[in-house]
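A short worksheet on the structure shown next.
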Amino acid sequence: MNPTVTAVRAGVRRGVIELRNTFTNAQDLWNYFFPTAVLLVAMFFMRGSTVPGTDFSLGARALPSTIGMGLIFGGLLGLSQQLIVDREDGTLLRAKATPNGMLGYLIGKIVLISAVSLIGVVLQLTPGLFFLDGIRLGDPGAWLTLAWVVPLGLVATLPLGAVVGSLIENPRNMGLVVLPIFGLIALSGIFYPINGLPGWLQGVAQVFPVYWLGLGMRSALLPADLAAVELGGSWRHLETLGVLGAWAVLGLVLAPVVLRRMARRESGSRVAARRERAMQRVG
Numbered sequence: 001m002n003p004t005v006t007a008v009r010a011g012v013r014r015g016v017i018e019l020r021n022t023f024t025n026a027q028d029l030w031n032y033f034f035p036t037a038v039l040l041v042a043m044f045f046m047r048g049s050t051v052p053g054t055d056f057s058l059g060a061r062a063l064p065s066t067i068g069m070g071l072i073f074g075g076l077l078g079l080s081q082q083l084i085v086d087r088e089d090g091t092l093l094r095a096k097a098t099p100n101g102m103l104g105y106l107i108g109k110i111v112l113i114s115a116v117s118l119i120g121v122v123l124q125l126t127p128g129l130f131f132l133d134g135i136r137l138g139d140p141g142a143w144l145t146l147a148w149v150v151p152l153g154l155v156a157t158l159p160l161g162a163v164v165g166s167l168i169e170n171p172r173n174m175g176l177v178v179l180p181i182f183g184l185i186a187l188s189g190i191f192y193p194i195n196g197l198p199g200w201l202q203g204v205a206q207v208f209p210v211y212w213l214g215l216g217m218r219s220a221l222l223p224a225d226l227a228a229v230e231l232g233g234s235w236r237h238l239e240t241l242g243v244l245g246a247w248a249v250l251g252l253v254l255a256p257v258v259l260r261r262m263a264r265r266e267s268g269s270r271v272a273a274r275r276e277r278a279m280q281r282v283g
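By the UniProt record's numbering, the letter at position 52 of the sequence shown is numbered 52, and the numbering carries on one by one without gaps.
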């Protein structure tokens, strides 16, 4: 059998096993459910407010945006954190030591993070349907849009997560990534339309995938007339496809190069040094 096919199959099995294990881990379950609960509570209290110029619930408008935000967190931060932790405890070194082990490892992580992200979509969307009006899941067009926005969003963010995880060795340095992402969320219209921001800030927001994932999810789940409050007065599907596609291509080009460089540098002495630093932090 082709070694690459074998590695891919092993990676898929690894991802399924890790997914099953993560749902038996209390800390992982807390990390999945608590942020979702906080967001749903926020949208519950926002449901009485309306989008400026309309009578549509601001909470209902925010729900698709936060689902897009969840895909960003899962694809970018989730995979990068997994890589950093596994590099520190020697998991990556063990994967490197086996034939096509890195490929199997990465396939497993992609399966895990993609599945967790999709489950997060369901966890946010299902309760929101009970107290937020206007979500159009009964429209076949909504499902068609979701069918390309969600996978494209994952492809645009997972390779970037791999790049970030390869470049950062110390888990405590994740703040260098988390803080800029929170800044982009504030600029990207996740909770409130960005039409009132200065033009240059609107331009900055539109460079990054956070805005476009939120817009794509809103175009799938909100009524067509809500496009009037977006920049340009439309859902801009072609622009969404173009920007997310560009980020996907960039990530797919960079990730293999950075990952190979990171794998070459891994050694037992580097793992031991990281473990010693981790013990010193704990002590």
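From the three backbone atoms N, C-alpha and C, an ideal C-beta is built for every residue, glycine too.
All values reported here derive from a predicted model rather than from experimental measurement.
In whole angstroms, give me the CA-to-CA distance for Gly-101 and Leu-92. Straight-line spacing of the CA atoms in Gly-101 and Leu-92 works out to 9 Å.
Would you tell me roughly how many angstroms separate the C-alpha atoms of Ser-49 and Phe-131, rounded to the nearest one? Answer to the nearest angstrom: the Cα atoms are 13 Å apart.
Mapping the DSSP letters down to three states, classify Thr-50 as helix, strand or coil. Correct three-state label for Thr-50: strand.
Relative to the C-alpha of Arg-264, which candidate in Leu-241, Arg-87, Gly-214 has its C-alpha closest? The option with the nearest alpha carbon to Arg-264 is Arg-87.
Nearest to residue 350 by CA position, among Gly-53, Phe-73, Ala-10, Ala-26, is which residue? Here the chain has residues from 1 to 283 only, and residue 350 is not among them.
Is the CB-CB distance between Thr-157 and Ala-220 below 7 Å? Pairing Thr-157 with Ala-220 gives a Cβ-Cβ distance that is not under 7 Å.
I'd like to confirm the pairing. Which residues does DSSP put opposite Ser-267 in its beta bridges? Note: Ser-267 sits in no beta bridge, so no partner.
Exposed or buried, Trp-212, counting other C-beta atoms within 10 Å across all chains shown (16 or more means buried)? Trp-212 comes out buried.
In this structure, does DSSP put Ser-234 in helix, strand or coil? Looking at Ser-234 - three-state DSSP - the assignment turns out to be coil, as it is neither helix nor strand.
Candidates Phe-34, Met-43, Gly-11, Thr-36: closest to Phe-191 by CA position: A check of alpha carbon separations from Phe-191 across Phe-34, Met-43, Gly-11, Thr-36 identifies Met-43 as the nearest.
Taking DSSP as the reference, what is the three-state secondary structure of Ile-57? Before going on, a small fix: residue 57 reads as Ser here, not Ile. Correct three-state label for Ser-57: strand.
Excluding the 5 residues preceding and the 5 following Val-163 in the sequence, name in chain order all residues of the same chain whose CB lies nearer than 7 Å to its CB. If we look at Val-163 and ignore the five residues flanking it on each side, its Cβ neighbours are Gly-251, Leu-254, Ala-255, Val-258.
Inter-residue Cα distance where the pair is Ile-119 and Asp-28: Each residue's CA atom was taken as its position, placing Ile-119 and Asp-28 some 13 Å apart.
Is the region 133 to 141 close to the region 232 to 251, with three or more CB pairs under 8 Å? With a cut-off of 8 Å on Cβ pairs, the region 133 to 141 is not in contact with the region 232 to 251, counting fewer than three such pairs.
Helix, strand or coil for Arg-20, going by three-state DSSP, please let me know. If DSSP states are grouped into helix, strand and coil, Arg-20 belongs with the helices.
So the alpha helix (DSSP H) Pro-159 belongs to, where does it begin and stop? Residues 140 to 167.
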